[in-house]
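Here the structure is laid out as structure tokens; the discussion comes afterwards.
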Amino acid sequence: MTQLCSFNGCIRLLMVQQLTINTAFYMLMPYLAVHLADGLGMAAWAVGLVLGVRNFTQQGMFLVGGTLADRFGYKPVIMAGCVLRTLGFGLLGFVDSLPALVAASAATGFAGALFNPAVRAYLAQEAGERRVEAFATFNVFYQAGMFVGPLVGLALLAADFALVCSVAAVLFLALTVIQFRMLPARRGARSAEPAGVLADWRTVIGNRPFVLFSAAMIGSYVLSFQIYLALPLQAHHAVPDGGDAVTTGLFAVSAAVTVAGQLKITAWARARWTPQRTIVYGIALMGGAFLPLLLGSGTVTADSGLTDWFTALAPLFAAVVLLALGTAVVYPFEMDTVVSLAGGRLVATYYGLYNTVSGLGITLGNLATGAVWDAAARMGHPELTWLVLAATGALCGACLGALSRSGRLAARTEPELNPVTA
7 MTQLCSFNGC IRLLMVQQLT INTAFYMLMP YLAVHLADGL GMAAWAVGLV LGVRNFTQQG
67 MFLVGGTLAD RFGYKPVIMA GCVLRTLGFG LLGFVDSLPA LVAASAATGF AGALFNPAVR
127 AYLAQEAGER RVEAFATFNV FYQAGMFVGP LVGLALLAAD FALVCSVAAV LFLALTVIQF
187 RMLPARRGAR SAEPAGVLAD WRTVIGNRPF VLFSAAMIGS YVLSFQIYLA LPLQAHHAVP
247 DGGDAVTTGL FAVSAAVTVA GQLKITAWAR ARWTPQRTIV YGIALMGGAF LPLLLGSGTV
307 TADSGLTDWF TALAPLFAAV VLLALGTAVV YPFEMDTVVS LAGGRLVATY YGLYNTVSGL
367 GITLGNLATG AVWDAAARMG HPELTWLVLA ATGALCGACL GALSRSGRLA ARTEPELNPV
427 TA
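If you're matching positions, the sequence shown starts at 7 in my numbering and goes up one per residue.
In structure tokens form, the structure reads like this:
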């Protein structure tokens, strides 16, 4: 709380806003698939379509959202995203036709593409030289929302899924009103001479150090996403009759590590290493997080002894803790590096492209991880999955280390980032 109070009112509002956004999002989305399949009786392909449209719309439109934020200012784009989420979440609870559900899903996805780059660019501008501290604090609120959201959603789900959607929609509507009344208008720094959208995109894509950094960081996103893929699969393998409960525990531990330790971890790393070295070490830790899983792959039941339970679950929870620690080390410095490589200009557009690249990497990485998991199971060597993920961390860290040594990650000249009224 002391760290939060040390920032200005704009930053504090952005922090609370992100907590609310994630709470509303995660109180609904984890339960949407079950609602579509069991509540509405939709076929699996239709459920996949609805969920896929949201993800594709968000990942594919990040660049557009960032560009709009740079051109029209951060506030109106953030507000537009919250309005779209209000409409999308409201529709999801009360429509049952596939076209309407797809439209609602697309609206929620595009909403994220609008406010995510804008919020990060706004935060970077307001924080100035305290960007690393600001992004560390931001991640605490981000993770807290991910932790609280599913618990609130589960409680409301006991009444009705429509109630979950309604509450989530009301939260976004309230955010829109608060932003309109309290969030100052800000516009990011642009090129000295006016340029079109395509010229802006050429500037961003032509920034070779940024493109190389974005590509090298894909591995870190593939690793961090395994808390949604490989680790839950391992939880169900280890505890066939209680995999969901174990998975819930994994999410809780991951969020708790970040919320409790993020600020101390960032301060500790900042006092010892350069930003580039911190990112390299953090990604190495993320890759190493999967090595404890080489120590246990047994299956337990309710009748198993304590030793068996410990052997099966201790490596899994150790992996989650190490992965959360590695992510906490990387995140603030990663976000700061994007701003530095952008030279403080077109920051939202840079964040938009960065998110698009990482989203595409996650999709391809998940396909590869799933293929490795299946192949390892067929060969009777489940440890191959963990070795491949650890190697991914080593490769990603090595690439970033090479970029750092070459000087490509050095900060570019930044303009004054004093708030500019839009």
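Quick reminder that beta carbons are idealized off the backbone N, C-alpha and C, glycines included.
It is roughly 32 Å from the alpha-carbon of T305 to the alpha-carbon of G367. When C-beta atoms of the stretch 241–254 are compared with those of the stretch 124–139, fewer than three pairs fall below 8 Å, so the two segments do not count as touching. With a cutoff of 8 Å on beta-carbon distance, G399 and G225 are scored as near each other.
Excluding sequence positions up to five before and after V217, its CB lies within less than 8 Å of the CB of I211, all in the same chain and listed in chain order.
In the structure shown, the three-state DSSP call for A195 is strand. In terms of Cβ geometry, F147 and M33 do not form a close pair [threshold 8 Å].
Runs of the beta strand (DSSP E) lying entirely within the stretch 215–268, each at least 3 residues long, are absent. Around the C-beta of N14, fewer than 16 other C-beta atoms lie within 10 Å, and the residue is accordingly described as exposed. In the three-state DSSP reduction, R414 falls in the coil class, being neither helix nor strand. In this model, K81 and D314 are separated by some 54 Å (Cα to Cα). Following the DSSP letters along the chain, one finds F316 inside the alpha helix (DSSP H) bounded by residues 312–348. Counted as a single uninterrupted DSSP element, the stretch harbouring Y37 is not any alpha helix (DSSP H), since DSSP gives it neither H nor E.
Each of V228, C16, A39, G71 was checked against the Cα of N372, and the nearest Cα belongs to V228. Distance between V363 and G311, taken at the CA atoms: about 46 Å.
In its chain, beyond the 5 residues on either side, M152, F153, P156, I233 have a beta carbon closer than 8 Å to the beta carbon of F257. Boundaries cannot be given for L46, as no alpha helix (DSSP H) includes it and DSSP labels it neither H nor E. For the 8 Å CB-CB criterion, L25 and T143 do not form a contact.
DSSP places F147 inside the alpha helix (DSSP H), whose first and last residues are 137–163.
In this chain, the alpha helix (DSSP H) harbouring F31 covers 15–32. Partner residues in the beta bridge of R351, as assigned by DSSP, are A195.
For N122, the enclosing alpha helix (DSSP H) has its first and last residue at 104–133. Straight across, the Cα-Cα distance linking V259 with Q23 is about 23 Å. Inter-residue distance for T307 and G255 is about 17 Å (C-alpha atoms, whole angstroms). In this structure, L352 is the residue among L331, G403, L352, R411 with its C-alpha nearest to the C-alpha of L204.
Straight through space, the alpha carbons of F231 and P123 are spaced by roughly 19 Å. Short of 7 Å from the beta carbon of A75, and not among the five residues preceding or following it, lie these beta carbons of its own chain, in chain order: V83, P123, A124, A127, A354. Annotated three-state conformation of L359 is helix, per DSSP. In this structure L104 is not in contact with L98, their Cβ atoms being roughly 13 Å apart against a cut-off of 8 Å. Taking the CA atoms as reference points, Y360 sits about 12 Å from V70.
At a Cβ-Cβ threshold of 8 Å, L181 and C16 do not count as neighbours.
Here DSSP, grouped into helix, strand and coil, assigns A290 to helix.
Sequence-distant partners of A43 (beyond 5 residues in either direction) whose C-beta falls short of 8 Å from its own C-beta, in its chain, are A50, V53. For A113, the CB contacts under 6 Å within the same chain, skipping 5 residues up- and downstream, are L90, L93, G94 in chain order. With distances taken between CA atoms, G293 lies nearest to A396 out of H41, A396, P36. In the same chain as A324, and ignoring 5 residues on each side of it, the C-beta atoms closer than 6 Å to its own belong to P298, in chain order.
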